[in-house]
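Visitor:
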């Protein structure tokens, strides 16, 4: 028996990569779950092709899952993997450029046949030439060993080799001192009705662990101690899940039944799937015939006194535009969730981008102001959803809630909030007439609240408040059709003033530990993590840098202009070609500098740190 | 007269009623009606306002939702709740409203362009789902509000502003379309026949699920006389087929014409009224084949041999009822939702 050493690390980035049918997302999910319950801080980045099963063994078919975990609080899924687990030649080739020299590569040699190599354009076997000489390589026949371990089971070769991902998971779990008990329980539940598959997967998982423990291939295992986190109960959560829970919570906090109208679209569909499970909360989910019907049904439900929500991605927002405009005119609460992906057109359905900002703010006919809230991390999707609902209900307006592919599928630990601490949202339905003409009580649907400028929300079934609303311009107050030029001018300005005057938006906070920074880095949405990590690096290198992150994009916090103007230089990194930068320049006349990449992937902390330090250096 | 199949008023089950006697005036809003003088829409508005009091529903629980087009101004003139929405989308909007509010009587007002062109997708899916809606499709075979372009029900060769050499397209037959879209209630009536219109509307309101009523409606400005052949005393008896459930399908002043099935083609054809093969109309037949064949009798151009009345009236669970049942079932089997338990989930760990 070899003596095994345990080495302590502060942080590790592991990437699992294989064919899209190899179960890499599941493997990553399970490793994440065990890592989360161990108490590390973590952040994940799934990356998969749009095709469900691209041809096996090809580069386009490679799916991967990256996990960053540490004994301190981290902000990103990591720039580059310390460990790459590659299940076939395509996975190795596709991911090798991301792996820094000196990193560890565990590769399944089972599929390194001349044919498979040729398929990815390798004439010689990279395991046998010098391709991998700069790495610590463990070339193992994971498929073969798995099949051997599963020989006692009555399984075809194909079925047996399918469990190789569990073998790899077992091996990695051993390497990093993760428990496999949670995964055993998970497999028992998942394959409850298929005993052979269940037992084979559990056997493969344990075989992987034991392989690490007993063979001489691995002399060292690693330990990453739990991170110090604020006291509380934690769970791991993805952005789509957190957003779904935020909507359920907001429905409860407002006392409104949730109605989701949605049409399947990547990467938003999981919200539809999730909310469909929660019927016992009174949640109605409607899978519509198209994007337009999805938002239409949600708006119809809102008219009836429900919390109408529609979920989609950029192409769906384009189709919903006219109905958003109708909601602006009707002044009814509505939440439109845009889980952004690479565009234009179909673009990169499974990749992330934040290029819908101008679309949601300006992408409609006429003057059509709509509040916009953007989540900054997977778990923040929960609170951002509640905030979007608060604004929609309080101000009787459609609200865009922006997430993106990275937040949707990425995960991080989340301190579960006490539901009693969540804000209450008051629908304040109209119950009686609000106006009198010649002594006769009437209901005026556009007679506004002096403070919020919101109109009354009178739902069908309320006697005496029968009224008609619609997309034709309404007379301010009475709400009847009006083509009067001055009335239109007034209504356009009032709708804008209502949105501009939304209260309860906190001031933009600046984080500047030195108090002497001359460079401010401003971001929005999912770039929060990478920007934060990059700023930390720059500070560690001795630079003074200030950071601020916008959660409300429309309207922006009242102090935004003052904040921007108090720095010599403002850097705005975005996963688009400068959409927030355009808004900041236009609104505040500040000459901000953009840093823009649209690669379908989140920024790397290192690249941003370089940009930041360059900007500081230029001051 | 059309004899609606007696099913009580399941379409309005769950909608609160009132003991207070209502009149047409109660359903008339204070808005000035702004359709062109002579428009067929006036007759339909009067019929609806005249017959709604008979239902005895709480007025506040009635909602009219419309799209865009001349007829879609309808909700403004009704003293109920109402929404004048956007082009083609009324069935989608009404679906969300009806599915989440079973205590409402929801009506959709639409036209041939609104329902069959820009909103065709929503119409067929509302019918397929059988949402509890009553859809009144005002078919004038023309675009009125945009001042006279051909519509999806215009006859081929129609000369309009956008088709100076004649339209190239085959028209939709809305009844055939609805039957093909799995509709459970499909009827056709005529704006000028108040009695027939009212009886069809009553049956449509009573039906649980989506009721589609095609109303032949005259646009006296851009397509005047489109249905004259069916309205004129001299011609109508020879071309109009009044369907009555359980009765032989006969027409002509003295019932001298009948409709029978051609044994070799299976299609329906006109025969003598005393032909032994004259078919009996069965609106409740589970199989829509005969109803569809009846819908195909009409000449798509001249509308000769146009059946009016209820083509189909069958029972199928309504979408909103099924949705509500799933919510009840989930609460009954899993218990009411516990938000804190949901947020915690299964895999948690504690710090500190």
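Chains as they are written, first to last, in this note's numbering: chain Z, 1 to 619; chain H, 620 to 971. Backbone N, C-alpha and C fix where the C-beta goes; we use that ideal spot for every residue, glycine too. Since the model is a prediction, treat every value here as computed from it, not as a measurement.
Check the Cβ-Cβ distances between residue 679 of chain H and every residue of chain Z, and say whether any is below 8 angstroms.
Guide: Yes, its Cβ sits closer than 8 angstroms to a Cβ of chain Z.
Visitor: Given that residue 488 of chain Z touches chain H, what residues does it touch there, using C-beta distances under 7 angstroms?
Guide: Here the premise fails: no neighbours, minimum Cβ distance about 17 angstroms.
Visitor: Counting only the same chain and skipping the five closest in sequence on each side, list residues whose C-beta sits under 6 angstroms from that of residue 723 of chain H.
Guide: Counting only Cβ-Cβ distances below 6 angstroms, and skipping sequence neighbours, we find 680, 682.
Visitor: Could you tell me the distance, in whole angstroms, from the CA atom of residue 606 of chain Z to the CA atom of residue 612 of chain Z?
Guide: Answer to the nearest angstrom: the Cα atoms are 10 angstroms apart.
Visitor: Pull up the distance between the alpha-carbon of residue 378 of chain Z and that of residue 739 of chain H, whole angstroms please.
Guide: Their Cα atoms are separated by approximately 39 angstroms.
Visitor: Select from the stretch 271 to 284 of chain Z all residues with a C-beta closer than 7 angstroms to any C-beta belonging to chain H, and list them in chain order.
Guide: So the close ones are 278, 279, 280, 281, 282, 284.
Visitor: Does the beta carbon of residue 560 of chain Z come closer than 8 angstroms to any beta carbon on chain H?
Guide: No, because no Cβ of chain H sits closer than 8 angstroms to the Cβ of residue 560 of chain Z.
Visitor: Skipping 5 residues on each side, what residues in its chain have a beta carbon closer than 8 angstroms to that of residue 856 of chain H?
Guide: Same-chain partners within the cutoff: 870, 871, 872.
Visitor: Any beta carbon from chain Z within less than 8 angstroms of residue 966 of chain H's own beta carbon?
Guide: So yes, residue 966 of chain H belongs to the interface.
Visitor: Is there contact here, the stretch 562 to 569 of chain Z with the stretch 515 to 524 of chain Z, by at least three beta-carbon pairs under 8 angstroms?
Guide: The stretch 562 to 569 of chain Z is in contact with the stretch 515 to 524 of chain Z.
Visitor: Closer than 8 angstroms, CB to CB, is residue 842 of chain H near chain Z or not?
Guide: No - not a single Cβ of chain Z is within 8 angstroms of the one on residue 842 of chain H.
Visitor: I believe residue 268 of chain Z touches residue 233 of chain Z by the beta-carbon criterion, under 8 angstroms. Please report the beta-carbon distance rounded to the nearest angstrom.
Guide: Not really, about 28 angstroms apart at Cβ, beyond 8 angstroms.
Visitor: Give every residue of the same chain whose Cβ lies closer than 6 angstroms to the Cβ of residue 623 of chain H, excluding the five residues on either side of it in the sequence, and list them in chain order.
Guide: Because the pLDDT of residue 623 of chain H is 40, which lies under 50, any placement of that residue in the model is unreliable, and the question is left without a value.
Visitor: Can you give me, in chain order, the residues of the stretch 768 to 801 of chain H that have a beta carbon less than 8 angstroms from any beta carbon in chain Z?
Guide: Correct list: empty, as no residue qualifies.
Visitor: If you draw a straight line from the alpha carbon of residue 730 of chain H to that of residue 866 of chain H, how long is it in whole angstroms?
Guide: Roughly 31 angstroms between the two C-alpha positions.
Visitor: Can you give me the Cβ contacts of residue 155 of chain Z inside the same chain, cut-off strictly under 7 angstroms, excluding the 5 residues immediately before and after it?
Guide: The residues are 196, 200.
Visitor: Under three-state DSSP, which class holds residue 322 of chain Z?
Guide: Residue 322 of chain Z falls in the helix class under three-state DSSP.
Visitor: Is the shortest distance between the beta-carbon of residue 386 of chain Z and the beta-carbons of chain H less than 8 angstroms?
Guide: False, the Cβ-Cβ gap to chain H never drops below 8 angstroms.
Visitor: Under a three-way DSSP split, which group does residue 546 of chain Z fall into?
Guide: Residue 546 of chain Z: strand per DSSP, three-state reduction.
Visitor: Could you please give the first and the last residue of the uninterrupted alpha helix (DSSP H) stretch that includes residue 819 of chain H?
Guide: Taken as a continuous stretch (DSSP letters only), the alpha helix (DSSP H) holding residue 819 of chain H covers 813 to 825.
Visitor: Would you decide whether residue 778 of chain H is buried or exposed? Buried here means 16 or more other CB atoms lie within 10 Å of its CB.
Guide: That one is exposed.
Visitor: Could you check the C-alpha separation between residue 957 of chain H and residue 281 of chain Z for me, to the nearest Å?
Guide: The alpha-carbon atoms of residue 957 of chain H and residue 281 of chain Z are separated by roughly 8 angstroms.
Visitor: If you measure from the beta carbon of residue 672 of chain H to each beta carbon in chain Z, is any gap under 8 angstroms?
Guide: Not one chain Z Cβ lies under 8 angstroms of residue 672 of chain H.
Visitor: What does the alpha-carbon distance come out to for the pair residue 625 of chain H and residue 287 of chain Z?
Guide: Its pLDDT being 40, under 50, residue 625 of chain H is placed unreliably in this model, and the coordinates cannot settle the point.
Visitor: Just how far apart, CA to CA, sit residue 553 of chain Z and residue 564 of chain Z?
Guide: Distance between the alpha carbons of residue 553 of chain Z and residue 564 of chain Z is about 15 angstroms.
Visitor: Along chain H, in chain order, which residues have C-beta atoms closer than 7 angstroms to that of residue 483 of chain Z?
Guide: Chain H residues near residue 483 of chain Z: none, gap ~11 angstroms exceeds 7 angstroms.
Visitor: In chain order, what residues of the same chain lie with their CB nearer than 7 angstroms to the CB of residue 472 of chain Z, ignoring the 5 residues before and after it?
Guide: So the qualifying residues of the chain are 481.
Visitor: Please tell me whether residue 641 of chain H has its Cβ less than 8 angstroms away from any Cβ of chain Z.
Guide: Cβ-Cβ to chain Z under 8 angstroms: no for residue 641 of chain H.
Visitor: Residues of chain Z with CB under 7 angstroms from residue 956 of chain H, in chain order?
Guide: 278, 280, 281, listed in chain order.
Visitor: I'd like to know whether the C-beta atoms of residue 28 of chain Z and residue 44 of chain Z end up nearer to each other than 8 angstroms.
Guide: Closer than 8 angstroms, so yes.
Visitor: May I ask you to report which of helix, strand or coil DSSP gives residue 236 of chain Z?
Guide: Residue 236 of chain Z: strand per DSSP, three-state reduction.
Visitor: Is it buried or exposed for residue 619 of chain Z, if we count other Cβ within 10 angstroms and need 16 for buried?
Guide: By the neighbour-count rule (16 or more Cβ atoms within 10 Å), residue 619 of chain Z is not buried but exposed.
Visitor: Here's the rule: buried if 16 or more other CB atoms are within 10 angstroms of the residue's CB, otherwise exposed. What is residue 439 of chain Z?
Guide: Under this definition residue 439 of chain Z is an exposed residue.
Visitor: So, residue 728 of chain H versus residue 755 of chain H, is the Cβ gap smaller than 8 angstroms?
Guide: Yes, these two residues count as a Cβ contact at 8 angstroms.
Visitor: Mind checking who residue 223 of chain Z pairs with in its DSSP beta bridge?
Guide: Answer by DSSP bridge pairing, in chain order: Z/8.
Visitor: Going by C-alpha to C-alpha distance, which of Z/572, Z/588, Z/585 sits closest to residue 603 of chain Z?
Guide: Minimum Cα distance to residue 603 of chain Z is reached at Z/572.
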